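The structure under discussion appears below in the form of structure tokens.
In my numbering, the protein residues as written are 72 to 247.
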């Protein structure tokens, strides 16, 4: 049964799956850009294929492994800022498909000279990773970093019933 995708889209997805059943973030970005599909459509297509393969008893192996959990966010953020330029750098090999770091490969019109430019190695630090892009390092109302729980936040999360002295435990009712 043919899928909901155009033959050219299906072909691109199958070729990528043949290389690796878990595409890197860079590969996913390239697929989204070249096929015109949404990110969710691409990730679900790969998920269904992996599920079908596991159902047939196939052993799935992957060579792709992101090095940290922040890679996806920073790579997608950079893609959204400049889709054409970012895809060109991914294709030329100047940006690593796995971790989004600059590889030093490729020349492009700037001759590959990264001097004067901020280098993003996909690790901690850099403009995207410092929280400027995501707002993660903004201060909350109490002066602590937003998104970072401190002891005071933990106290606020306690059960209100516990504070009021009401016993919220579930017991057998006398009717049973």
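All C-beta atoms in this analysis are idealised placements derived from N, C-alpha and C, irrespective of residue type, glycine included.
Every value quoted in this text rests on a predicted model; they were computed, and no experiment measured them.
- With fewer than 16 neighbouring CB atoms inside 10 Å of its own CB, residue 131 falls in the exposed class.
- The beta carbon of residue 91 lies closer than 8 Å to those of 98, 133, 134, 135 in the same chain, with the five residues before and after it left out.
- Selection 128, 123, 105, 111 evaluated against residue 159 yields 105 as nearest (Cα-Cα).
- The beta-bridge partner set that DSSP reports for residue 166 consists of 173.
- DSSP, reduced to helix, strand and coil, places residue 86 within a helical segment of the structure shown.
- Under the three-state reduction of DSSP output, residue 118 falls in the helix class.
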